[in-house]
Amino acid sequence: MRLVTLDNVNILFVGDVFGSAGRRIVSEHIAHVLESNSIDLCVINGENAAGGFGITPSIADDLFDLGADVITTGNHFWDKKELLDYLKVPADSHDRARRILRPANFPPKTPGFGVYESTLPTGQTYAVINLQGRVFMQQNDDPFRKADDLLASVTSKVILVDFHAETTSEKIALGWYLDGRVTAVLGTHTHVPTADERVLPGGTAYQTDVGMSGPFDSVIGVERDAVIERFLTGQPTKFEPAKGNPKMCAAVIECDGATGRAYRIKRIMLGE
Ligand SMILES: [Fe+2]
Ligand SMILES: [Fe+2]
């Protein structure tokens with residue numbers, strides 16, 4: 002049930018869309034999820050949308066057409082070279098290319114941007130920040146200090162952070178670190194949803210990992226035989242995106258637009 006206040010803002014965040022199975026399950030469900038939750042702002046992590054590896058401009062267009070306001074990414078940001086050229090837009094642009102983010106703590110000369118700020122048709126301002134963890138991942142700049150730097154210049158109260166990271170500890174730590182300063186810290190990258198969604202005491206909605214929107218009869222999206230073979234032999238195998246048993250994993254956050262404080266977070270997993 003929706004809390005009724007004038008400044009209520011409802012946000013849908015969809016976890017890593019993986020391959021054609023992920024795109025199909027999202028396209029099957031997203032319209033009714035947007036409508037039944039009276040969603041004002043929709044953010045989709047699309048880092049695996051193109052066959053598991055990155056996202057192309059045309060697949061990004063498909064996700065925007067489905068209702069995404071902003072698309073976030075992660076370590077697979079680099080996989081489709083045509084995206085890197087496509088993202089050469091000015092910082093003050095509101096084109097679709099400007100609304101595809103990469104982690105903000107990537108090296109400074111990386112194409113694209115890690116934060117986007119805009120206004121909804123209701124007049125409500127919002128910001129989306131994309132960060133990547135460092136534990137068991139490429140060593141980028143410190144995401145904690147990068148968050149501090151970005152928050153010093155963000156003017157919106159409603160702020161969603163996609164924290165693309167491997168370990169539960171780094172994600173939980175950033176959740177606590179940003180509690181009361183952002184509306185939501187939502188984890189991505191592990192492709193497995195965690196059952197720890199909650200609103201922290203300062204008013205930040207938190208979930209360690211939202212989970213992927215993709216084929217669950219797989220090893221985190223990939224055809225399982227090739228992955229098992231790699232574990233058994235240690236030899237490189239060709240990874241193909243799986244198709245079976247797709248699920249859309251997402252979170253719905255309800256917040257006060259005037260303060261940015263979250264009231265509630267709900268975990269979603271929808272199958273065929
Ligand atoms: Fe991913
Ligand atoms: Fe990832």
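According to my numbering, the residues represented by the sequence shown are 2 to 273, in order. We treat Cβ as the ideally placed atom computed from N, Cα and C, and that holds for glycine.
Helix, strand or coil: which one does DSSP assign to residue i?
i: Thr169; result: helix
i: Ala313; result: Lying outside 2 to 273, the shown extent of the chain, residue 313 is not represented and no answer is given.
i: Ala32; result: helix
i: Ala105; result: coil
i: Lys267; result: strand
i: Leu121; result: coil
i: Asp163; result: strand
i: Ser59; result: helix
i: Val155; result: coil
i: Ile221; result: coil
i: Ala128; result: strand
i: Lys257; result: The sequence given here has Asp at residue 257, not Lys. Strand.
i: Ile229; result: helix
i: Phe145; result: helix
i: Ile45; result: strand
i: Ile12; result: strand
i: Val136; result: coil
Give me the residue from the options with the minimum Cα distance to residue i.
i: Ile60; options: Arg24, Gly115, His30; result: Arg24
i: Gly222; options: Thr73, Arg231, Ala243, Cys43; result: Ala243
i: His192; options: Ala251, Asp149, Ala227, Glu198; result: Ala251
i: Ser157; options: Arg135, Arg182, Gly188, Arg99; result: Arg182
i: Gly20; options: Arg262, Asn38, Asn46; result: Asn46
i: Asn76; options: Leu67, Ile173, Gly55; result: Gly55
i: Val253; options: Arg225, Gly235, Arg268, Asp218; result: Arg268
i: Met138; options: Ser154, Val10, Arg199, Phe107; result: Phe107
i: Ser37; options: Leu13, Ala51, Asp197; result: Leu13
i: Phe114; options: Leu132, Thr126, Gly124; result: Leu132
i: Met270; options: Pro247, Asp257, Leu179; result: Pro247
i: Val10; options: Asp17, Cys43, Trp79; result: Cys43
i: Trp177; options: Asp218, Lys82, Asp150, Ala206; result: Ala206
i: Ala50; options: Glu241, Thr111, Thr209, Pro112; result: Glu241
i: Asp94; options: Lys239, Ala32, Glu118; result: With the sequence shown as reference, residue 94 is identified as Ser, and Asp is not the correct amino acid for it. Cα-wise, what sits closest to Ser94 is Glu118.
i: Ala128; options: Arg146, Pro144, Leu152, Pro112; result: Leu152
i: Val27; options: Glu167, Ile173, Ser214, Ile130; result: Ser214
i: Arg262; options: Leu102, Lys239, Pro202, Asp17; result: Pro202
i: Leu102; options: Glu230, Met249, Val162; result: Val162
i: Trp79; options: Pro112, Asp63, Leu64; result: Pro112
i: Asp96; options: Asp62, Glu83, Val200, Lys82; result: Asp62
Rounded to a whole number of angstroms, what is the C-alpha to C-alpha distance between residue i and residue j?
i: Asp70; j: Ser170; result: 29 Å
i: Glu29; j: Asp41; result: 19 Å
i: Pro91; j: Pro104; result: 17 Å
i: Leu175; j: Thr260; result: 20 Å
i: Ile266; j: Val34; result: 14 Å
i: Thr120; j: Glu273; result: 34 Å
i: Pro122; j: Arg100; result: 16 Å
i: Asp66; j: Val155; result: 27 Å
i: Pro109; j: Asp197; result: 33 Å
i: Gly275; j: Thr195; result: Given a span of 2 to 273 for the chain in the structure shown, any question on residue 275 remains unanswerable.
i: Gly124; j: Ile160; result: 15 Å
i: Asp257; j: Thr57; result: 34 Å
i: Glu224; j: Lys89; result: 34 Å
i: Thr6; j: Gly204; result: Residue confidence for Thr6 is low, a pLDDT of 49 falling below 50, so the modelled location carries little weight and cannot support an answer.
i: Thr126; j: Arg231; result: 47 Å
i: Glu167; j: Asp17; result: 13 Å
i: Gln236; j: Glu255; result: 46 Å
i: Ala185; j: Gln140; result: 24 Å
i: Gly245; j: Gly212; result: 16 Å
i: Thr74; j: Lys147; result: 17 Å
i: Lys1; j: Pro144; result: In this structure the chain extends from 2 to 273, so residue 1 is not present and cannot be described.
Is residue i near ligand 4 - that is, is its Cβ less than 7 Å away from at least one heavy atom of it?
i: Glu241; result: Annotation note on ligand 4: not contained in the displayed structure, which lists ligand 1 and ligand 2 as its ligands.
Point to revise | Pocket of ligand 2 (residues with CB nearer than 5 Å to any heavy atom), chain order | key: Gly75, Asn76, His190
Check your understanding: Which residue spans inside the region 66-105 form an unbroken beta strand (DSSP E) run of at least 3?
Key -> 71-73
Practice item. Starting from the N-terminal side, write out each stretch of the beta strand (DSSP E) that is 3 residues or longer and does not extend beyond the region 164-214. Key: 185-189, 206-208
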